[in-house]
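Chemist:
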Amino acid sequence: MARLTKAQREWRPGMPRKRRSTKVMFASTVLLLEAFVMFFATLAVFGLRRGEFPPALILGVGIGLSVVMVLACAVLTKPWGVGLGWILQIVLVLTGIFEPAMFLVGALFALAWWYGIRTGIRLDREAAQREREQAEWEAAHPDQAAGPGQPQTP
């Protein structure tokens with residue numbers, strides 16, 4: 001049988017579900033897409049510029065950056081996680097030094113990163129406001145605030 005996560009072990013009936021951050025979901029999506037692009041760009045540079053740079057260096061740096069982008073998804077909830085994401089955006093743009101097409105690709109991903117962070121923050125703020133308003137309404141109308149699976153009283 002599979003092991004339960006900490007959240008599953010601590011769950012009790014009636015506990016509200018913790019809301020996931022939209023900002024973190026958007027940022028994770030962009031970083032994962034960048035990791036795939038970085039991996040395939042590494043293969044392109046390996047095939048096109050193998051004579052200019054040592055193959056071990058090309059593969060090591062490229063695959064290393066891909067792994068860092070994937071691992072950065074795990075720290076996006078930390079205060080410095082988004083800063084790390086911005087640093088990775090700059091690094092992706094700078095890979096254009098080795099393959100000029102990456103200047104454009106990196107700039108487009110940086111734009112997607114900025115938009116995802118900005119929109120995610122706005123959506124998280126709006127969701128928190130809705131949750132506060134719902135809690136206020138339920139506190140003001142306890143007889144009408146039935147939980148899931150509970151019949152409402154007339």
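Sequential numbering from 1 applies to the sequence shown in the UniProt record's numbering.
Each residue gets a CB set at the ideal place from its N, CA and C atoms; glycine is no exception.
#1: With C-beta atoms as the reference, is phenylalanine 98 less than 8 Å away from valine 45?
#2: In angstroms, rounded to a whole number, what distance separates the CA positions of glycine 60 and arginine 19?
#3: Would DSSP call serine 21 helix, strand or coil?
#4: Between aspartate 124 and threonine 29, is the Cβ-Cβ spacing less than 8 Å?
#5: Considering only the alpha carbon of each residue, which of Val67, Ala2, Pro16 lies closest to glutamate 131?
#6: What are the boundary residues of the alpha helix (DSSP H) that includes arginine 118?
#7: According to DSSP, simplified to helix, strand and coil, what is proline 154?
#8: In whole angstroms, what is the alpha-carbon distance linking glycine 14 and tryptophan 86?
#9: So, under 8 Å CB-CB, phenylalanine 40 and isoleucine 63 are touching, yes? Tell me the CB distance rounded to an integer number of Å.
#10: In terms of residue numbering, what span does the alpha helix (DSSP H) encompassing valine 93 cover?
#11: Alpha carbons only, please: which of Ile121, Thr95, Phe103 is nearest the one belonging to valine 82?
#12: Pick out whichever of Val70, Arg9, Arg50, Gly47 has its Cα sitting closest to the Cα of phenylalanine 36.
#13: Kindly indicate the opening and closing residues of the alpha helix (DSSP H) around glutamate 10.
Modeler: Reading from the atomic positions:
#1: The answer is yes: Cβ separation under 8 Å.
#2: Straight through space, the alpha carbons of arginine 19 and glycine 60 are spaced by roughly 38 Å.
#3: coil
#4: no
#5: Pro16
#6: 101-140
#7: At proline 154 the pLDDT is 48, less than 50, meaning the model places this residue with poor confidence and gives no usable figure here.
#8: Taking the straight line joining both Cα atoms gives about 39 Å.
#9: By a beta-carbon distance limit of 8 Å, phenylalanine 40 does not contact isoleucine 63. Their separation comes to about 11 Å.
#10: 81-94
#11: Ile121
#12: Val70
#13: 6-10
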